[in-house]
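Residue numbers (our numbering): 683 to 989.
From the three backbone atoms N, C-alpha and C, an ideal C-beta is built for every residue, glycine too.
Below is one structure; the comments refer to it alone.
Written out as structure tokens, the structure is:
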């Protein structure tokens, strides 16, 4: 169950709750910006803002407010240094600013819009709202009574995977659990790792010679090339290498990629274009098995996404 679905369930049982959100984080604070937690009227907790004594104390504060029907939005700064006046009781260094926003029955319609749709939400001194996508995300503080935090929720990054082999299957499964929408392409019929791949958002049999006629690859998209043939990897890469994307990677050994780059150079592709290609694909974790390779690829995409 998603975070927003749980909020919806709680509100439909006529319970009020506080939504605790890390709106700003510095240093080695355990709760990063965007971490969220529900504190419901019946004492139910869901999610986290970083754990430890800090979380315990802030949860207790939310519970007291709910008992007192004190439904106000406010922020609390927690510094993870022992002798600071805003000390959280933790000594891991860094700091967090946490917003407390009450969610009541009147917020149900807005929460329903957050269940499965991409939305820009705003948490502020005035409460919870859905706002225009054109607004900037992040935390803005003017005073205790004038602040806001804006976040794009339910956004899924789009990954195009060319090639439906075993690594592709394992990578699709893992990425689907990490908030990526996977689009899978192959040029072969009756491939079990294509037919049985239920983790992708969409899959298509295409002609690799005319990719741009079938697929729209956008600037924020990720591209993974992992076909079963050297010349098909080269064919796909040669069509996509001039496009601006978030990530472009090709699966293969160092020797294979050296040969691939050599051929592309001889055909007139520039060094600046080849430098955009991530290879060997995935973080270097000495992966051996198909699943381990998938982990290394997913880790690299997460690193790029969160940078």
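What span of residues does the beta strand (DSSP E) with residue 900 cover, start to end?
Taking the first residue of the chain shown as 1, we reach residue 900 at position 218. Here residue 900 belongs to no beta strand (DSSP E), and DSSP marks it neither H nor E.
When we look at the beta-carbon of residue 824 and count the other beta-carbons within 10 Å, is it buried (16 or more) or exposed?
Looking up residue 824 in the chain shown gives position 142. Within a 10 Å sphere around the beta-carbon of residue 824 sit fewer than 16 other beta-carbons, which makes this residue exposed.
Less than 6 Å between C-beta atoms, sequence neighbours within five positions excluded: which residues of the same chain meet that for residue 906?
Reading the chain shown from its first residue, position 224 is the one you call residue 906. So the list reads 843, 931, once near-sequence residues are dropped.
Kindly list the residues whose CB is nearer than 8 Å to the CB of residue 962, restricted to its own chain and excluding five residues on each side of it in sequence; keep chain order.
Within the chain shown, residue 962 is the residue found at index 280, counting from 1. Excluding positions up to five away in sequence, the list reads 933, 934, 935, 936, 939.
Rank 904, 923, 914, 788 by C-alpha distance to the C-alpha of residue 839 and give the top, closest one.
As a working mapping, residue 839 is identified with position 157 in the chain shown. The shortest C-alpha separation from residue 839 is found at 904.
Coarse secondary structure for residue 840, derived from DSSP in three states
Numbered from 1 along the chain shown, position 158 holds the residue referred to as residue 840. Strand, per DSSP.
So, residue 793 versus residue 804, is the Cβ gap smaller than 9 Å?
As a first step, residue 793 must be located in the chain shown, where it is residue number 111. As a first step, residue 804 must be located in the chain shown, where it is residue number 122. No. Outside cutoff.
With 16 other Cβ atoms within 10 Å as the buried cut-off, status of residue 816:
Residue numbering aside, residue 816 sits at position 134 when the chain shown is read from its first letter. So residue 816 counts as exposed.
I'd like the list of long-range same chain contacts for residue 827, defined as Cβ closer than 7 Å, with 5 residues on each side in sequence excluded.
Translated into positions along the chain shown, residue 827 becomes position 145. Only 807 meet the Cβ criterion.
Shortest alpha-carbon distance to residue 696 belongs to which of 786, 779, 710?
In the chain shown, the residue the question calls residue 696 occupies position 14. Among 786, 779, 710, the Cα nearest to that of residue 696 belongs to 786.
Cβ of residue 986 within 9 Å of Cβ of residue 856?
Here residue 986 is taken as the residue at index 304 of the chain shown, counted from 1. Here residue 856 is taken as the residue at index 174 of the chain shown, counted from 1. Taking the C-beta atoms as reference points, residue 856 is found no nearer than 9 Å to residue 986.
By Cβ distance below 6 Å, which residues in the same chain neighbour residue 990 in space, the five residues on each side in sequence not counted?
Because the chain here runs from 683 to 989, residue 990 falls outside it and cannot be looked at.
Around the Cβ of residue 916, are there at least 16 other Cβ atoms within 10 angstroms (buried) or fewer (exposed)?
Here residue 916 is taken as the residue at index 234 of the chain shown, counted from 1. With a 10 Å radius around the Cβ and a threshold of 16 neighbouring Cβ atoms, residue 916 comes out buried.
For the 8 Å Cβ check, are there 3 or more pairs between the region 865–883 and the region 944–964?
Taking a contact to require three or more Cβ pairs closer than 8 Å, the region 865–883 and the region 944–964 do not qualify as touching.
For residue 731, count the other beta carbons within 10 Å of its own beta carbon; 16 or more makes it buried, fewer makes it exposed. Which is it?
Position 49 of the chain shown holds residue 731. Residue 731 is buried by the Cβ-count criterion.
Suppose you measure from the CA of residue 783 to the CA of residue 713; what does that come to, to the nearest Å?
As a first step, residue 783 is located in the chain shown; it is residue number 101 there, counting from the start. As a first step, residue 713 is located in the chain shown; it is residue number 31 there, counting from the start. For residue 783 and residue 713, the distance between alpha carbons rounds to 17 Å.
By DSSP, does residue 980 sit in helix, in strand, or in coil?
As a position in the chain shown, residue 980 is number 298, starting the count at 1. Here residue 980 sits in helix by DSSP.
How about residue 778 and residue 708: are their beta carbons less than 9 Å apart?
If you number the chain shown from 1, residue 778 lands on position 96. If you number the chain shown from 1, residue 708 lands on position 26. A contact, by the Cβ cut-off of 9 Å.
Rank 868, 746, 983, 898 by C-alpha distance to the C-alpha of residue 911 and give the top, closest one.
On the chain shown, position 229 is the one that residue 911 refers to. Closest option to residue 911, judged by alpha-carbon separation, among 868, 746, 983, 898: 868.
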